[in-house]
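**Student:** Below you will find the structure I want to go over with you.
2 protein chains.
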Amino acid sequence: MSRRTSAAPLTRTGRRPGSPDTAAAILEAARTSFGERGFNATTIRAVAAEAGVDPALVHHYFATKADLYAAAIEIPLSPSTVIPQVFGGEVSGLGRRVTEFFFAVWEEPESRRPLLAMLGGAFGGNDQGVAGFREFLVSGLLDRAVAAIGGGRRTEERVELAMAHLLGIAVLRYVVVLEPLASLEVPRLVDLVAPRVQSYFDGE
Amino acid sequence: MSRRTSAAPLTRTGRRPGSPDTAAAILEAARTSFGERGFNATTIRAVAAEAGVDPALVHHYFATKADLYAAAIEIPLSPSTVIPQVFGGEVSGLGRRVTEFFFAVWEEPESRRPLLAMLGGAFGGNDQGVAGFREFLVSGLLDRAVAAIGGGRRTEERVELAMAHLLGIAVLRYVVVLEPLASLEVPRLVDLVAPRVQSYFDGE
Numbered sequence: 001m002s003r004r005t006s007a008a009p010l011t012r013t014g015r016r017p018g019s020p021d022t023a024a025a026i027l028e029a030a031r032t033s034f035g036e037r038g039f040n041a042t043t044i045r046a047v048a049a050e051a052g053v054d055p056a057l058v059h060h061y062f063a064t065k066a067d068l069y070a071a072a073i074e075i076p077l078s079p080s081t082v083i084p085q086v087f088g089g090e091v092s093g094l095g096r097r098v099t100e101f102f103f104a105v106w107e108e109p110e111s112r113r114p115l116l117a118m119l120g121g122a123f124g125g126n127d128q129g130v131a132g133f134r135e136f137l138v139s140g141l142l143d144r145a146v147a148a149i150g151g152g153r154r155t156e157e158r159v160e161l162a163m164a165h166l167l168g169i170a171v172l173r174y175v176v177v178l179e180p181l182a183s184l185e186v187p188r189l190v191d192l193v194a195p196r197v198q199s200y201f202d203g204e
Numbered sequence: 205m206s207r208r209t210s211a212a213p214l215t216r217t218g219r220r221p222g223s224p225d226t227a228a229a230i231l232e233a234a235r236t237s238f239g240e241r242g243f244n245a246t247t248i249r250a251v252a253a254e255a256g257v258d259p260a261l262v263h264h265y266f267a268t269k270a271d272l273y274a275a276a277i278e279i280p281l282s283p284s285t286v287i288p289q290v291f292g293g294e295v296s297g298l299g300r301r302v303t304e305f306f307f308a309v310w311e312e313p314e315s316r317r318p319l320l321a322m323l324g325g326a327f328g329g330n331d332q333g334v335a336g337f338r339e340f341l342v343s344g345l346l347d348r349a350v351a352a353i354g355g356g357r358r359t360e361e362r363v364e365l366a367m368a369h370l371l372g373i374a375v376l377r378y379v380v381v382l383e384p385l386a387s388l389e390v391p392r393l394v395d396l397v398a399p400r401v402q403s404y405f406d407g408e
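See the structure below:
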């Protein structure tokens, strides 16, 4: 389950504290916490305690809480790895790569569930839930996306509008279950949406 | 407050049961109920009881629950009136009219609050909240929008994607308060978003 169990050894002897089982235990604890308490209320410390490991070990396997979250919800690759792949290629294909990635994550029930929990937390009327969701969007996606595309405030505005478009579709498709949108096949959905997302990356 | 107090008299004597005060009392009861319980859990019967009038009178002033909702949250004009205006003109200007209308409603704190309550209800994990939100979207907007544009399932798909785009912006701007999107001035926001909404109305 861990994306980082093959990382270079850290200690002099070439052995790391922990093992693939340790990473799996951390991920299981993280999945439970993110699913039940949401992103913000979940702490590295609490996940470590639940998994019976030192918090430093959690940081070792998963650099940031956003990375841990991404791994826990089984996003195919963690943001640090995915963002360069998605945003690093030709800008002309960026809209499609982002849109395909977004729906690949949402179509997977295992990753959809904690995302829904996070959305629920943001809408639950508590400021912590909102702050957690904002933190995840900004540190997990927006900052790196804007850096990859290049540009300042105007790029940020357009990247956020593209994110808003994808988010709104997720809300109507997976939460509200509005037909016919909810039954649209993913390839057709991507064909419809990718050009509009791309138009935000192309400019005003 | 009522949009219909000047409606033609219904009775032989030329006097209607109720008065502008009655309509105002109904709206006040509706505002309380929609705000506290959301769209679905609010019934015409309960609003009537709260306002101390007969349910038939509520239907007389506000044809449907969606109309009552629109009046209660002070959407400038109720959906039945607005939709023909927004969707009835040239299709080439439809994206801009819809986008301007959408943000005019959301920028108004009085109408934003119950919309947020409805969104919260939809995300609160209870099926009633979701069903109420879906009903509001479909009967209040989608059905009439699709009818006005003309077309079948493919038009519905594209109208829903346009709605999803606007909804997603509302979420990031008013709930998550993601900067710089949250501080974007409305005219610039409309300039950025309207062409993308329009592109869904134009075709695939």
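Protein sequences, first through last, are from chains P and U.
Number 195 in our numbering belongs to position 195 of the first sequence; there are no gaps in the numbering.
With the second sequence counted from 1, adding 204 to any position gets you our numbering.
From the three backbone atoms N, C-alpha and C, an ideal C-beta is built for every residue, glycine too.
Leaving out five residues before and five after residue 142 of chain P in sequence, what residues of the same chain have Cβ atoms less than 8 Å from its Cβ?
**Tutor:** Contacts found: 156, 159, 160, 163.
**Student:** Comparing the C-beta of residue 103 of chain P with each C-beta of chain U, is any distance below 9 Å?
**Tutor:** Not one chain U Cβ lies under 9 Å of residue 103 of chain P.
**Student:** Taking the CB atoms as reference points, tell me whether residue 309 of chain U and residue 320 of chain U lie closer together than 9 Å.
**Tutor:** In this structure, residue 320 of chain U does not lie closer than 9 Å to residue 309 of chain U by Cβ.
**Student:** Would you say residue 395 of chain U lies against chain P (beta-carbon separation less than 9 Å)?
**Tutor:** Interface residue, yes.
**Student:** Nearest-angstrom Cα distance between residue 69 of chain P and residue 181 of chain P?
**Tutor:** Their backbone Cα atoms lie some 28 Å apart in a straight line.
**Student:** Applying the 10 Å Cβ sphere with the 16-neighbour rule, what's the burial state of residue 390 of chain U?
**Tutor:** With fewer than 16 Cβ atoms within 10 Å of its Cβ, residue 390 of chain U is classed as exposed.
**Student:** Which residues mark the beginning and the end of the alpha helix (DSSP H) in which residue 270 of chain U is found?
**Tutor:** Counting along the chain, the alpha helix (DSSP H) containing residue 270 of chain U begins and ends at 269-276.
**Student:** With DSSP collapsed to three states, give me the class of residue 337 of chain U.
**Tutor:** Looking at residue 337 of chain U - three-state DSSP - the assignment turns out to be helix.
**Student:** How many Å lie between residue 323 of chain U and residue 38 of chain P at the Cα?
**Tutor:** Cα to Cα, residue 323 of chain U sits roughly 18 Å from residue 38 of chain P.
**Student:** For residue 122 of chain P, decide whether its Cβ has a neighbour in chain U, counting only Cβ atoms nearer than 9 Å.
**Tutor:** Yes - at least one Cβ of chain U is within 9 Å of the one on residue 122 of chain P.
**Student:** What would DSSP say about residue 185 of chain P, mapped onto helix, strand or coil?
**Tutor:** Of the three classes helix, strand and coil, the one that applies to residue 185 of chain P here is coil, per DSSP.
**Student:** Is residue 59 of chain P close to chain U, meaning its C-beta is less than 9 Å from at least one C-beta of that chain?
**Tutor:** By this cut-off, residue 59 of chain P is not an interface position.
**Student:** In whole angstroms, what is the alpha-carbon distance linking residue 229 of chain U and residue 237 of chain U?
**Tutor:** In a straight line, the C-alpha of residue 229 of chain U is about 12 Å away from that of residue 237 of chain U.
**Student:** Can you grab the Cα-Cα spacing for the pair residue 306 of chain U / residue 370 of chain U, in whole Å?
**Tutor:** Going by the C-alpha atoms only, they are around 8 Å apart.
**Student:** Can you tell me which of the three DSSP states residue 62 of chain P falls into?
**Tutor:** Coil at residue 62 of chain P, not helix or strand.
**Student:** Any Cβ of chain U within less than 9 Å of the Cβ of residue 133 of chain P?
**Tutor:** Chain U, which has a Cβ nearer than 9 Å to the Cβ of residue 133 of chain P, makes this yes.
**Student:** Is residue 77 of chain P helix, strand or coil when you go by DSSP?
**Tutor:** Because the pLDDT of residue 77 of chain P is 48, which lies under 50, any placement of that residue in the model is unreliable, and the question is left without a value.
**Student:** Identify the contact partners of residue 403 of chain U in chain B, using a Cβ-Cβ distance below 9 Å as the criterion.
**Tutor:** Of the protein chains in the structure, P and U, none is chain B.
**Student:** Mind checking which residues open and close the alpha helix (DSSP H) that includes residue 302 of chain U?
**Tutor:** Here the alpha helix (DSSP H) through residue 302 of chain U covers 298-311.
**Student:** Can you tell me whether residue 356 of chain U is buried or exposed? The criterion is at least 16 other CB atoms within 10 Å of its CB, across all chains shown.
**Tutor:** Burial call: exposed.
**Student:** Is the Cβ of residue 173 of chain P closer than 9 Å to any Cβ of chain U?
**Tutor:** So yes, residue 173 of chain P belongs to the interface.
**Student:** Of all Cβ atoms in chain P, is any one closer than 9 Å to the Cβ of residue 248 of chain U?
**Tutor:** So no, residue 248 of chain U is outside the interface.
**Student:** For residue 257 of chain U, which three-state DSSP category applies?
**Tutor:** Residue 257 of chain U falls in the coil class under three-state DSSP.
**Student:** Contact criterion: CB-CB distance below 9 Å. Does residue 218 of chain U meet it with respect to chain P?
**Tutor:** Low local confidence applies: a pLDDT of 35 at residue 218 of chain U is under 50, so the model's placement there is unreliable, with the coordinate-based value given in what follows. Closer than 9 Å: no.
**Student:** What span of residues does the alpha helix (DSSP H) with residue 381 of chain U cover, start to end?
**Tutor:** Note, residue 381 of chain U: premise wrong, no alpha helix (DSSP H); not H, not E.
**Student:** Does DSSP classify residue 223 of chain U as helix, strand or coil?
**Tutor:** In the structure shown, residue 223 of chain U sits in coil (DSSP, three-state: anything other than H, G, I, E or B).
**Student:** Where does residue 381 of chain U land, buried or exposed, given buried means 16+ other C-beta within 10 angstroms?
**Tutor:** Under this definition residue 381 of chain U is an exposed residue.
**Student:** Secondary structure at residue 168 of chain P, three-state DSSP: helix, strand or coil?
**Tutor:** Helix at residue 168 of chain P.
**Student:** What's the C-alpha gap between residue 139 of chain P and residue 130 of chain P?
**Tutor:** About 14 Å.
**Student:** Determine, for residue 186 of chain P, whether the minimum Cβ-Cβ distance to residues of chain U falls below 9 Å.
**Tutor:** So no, residue 186 of chain P is outside the interface.
**Student:** For residue 13 of chain P, count neighbouring C-beta atoms within 10 Å of its own C-beta (all shown protein chains included) and say buried if the count is 16 or more, exposed if not.
**Tutor:** Legend: pLDDT at residue 13 of chain P = 36, less than 50; position of this residue unreliable, value from coordinates given subsequently. The residue in question, residue 13 of chain P, is exposed, as its Cβ has fewer than 16 Cβ neighbours within 10 Å.
**Student:** Just to make sure I have the definition right: I need the residues of chain P whose C-beta is within less than 7 Å of the C-beta of residue 384 of chain U. Which are they?
**Tutor:** Chain P residues near residue 384 of chain U: 153, 156, 157.
**Student:** Would you call the stretch 46-66 of chain P and the stretch 81-101 of chain P in contact, with 3 or more CB pairs under 8 Å?
**Tutor:** No: fewer than three Cβ pairs fall under 8 Å.
**Student:** Determine the burial state of residue 150 of chain P: buried for a count of at least 16 other Cβ atoms within 10 Å of its Cβ, exposed for fewer.
**Tutor:** Exposed, by the Cβ-count rule.
**Student:** Quick check on residue 314 of chain U: does DSSP put it in helix, strand or coil?
**Tutor:** Of the three classes helix, strand and coil, the one that applies to residue 314 of chain U here is helix, per DSSP.
**Student:** If we ignore side chains and look at the alpha-carbon of each, how far apart do residue 107 of chain P and residue 232 of chain U end up?
**Tutor:** So the alpha carbons of these two residues sit roughly 42 Å apart.
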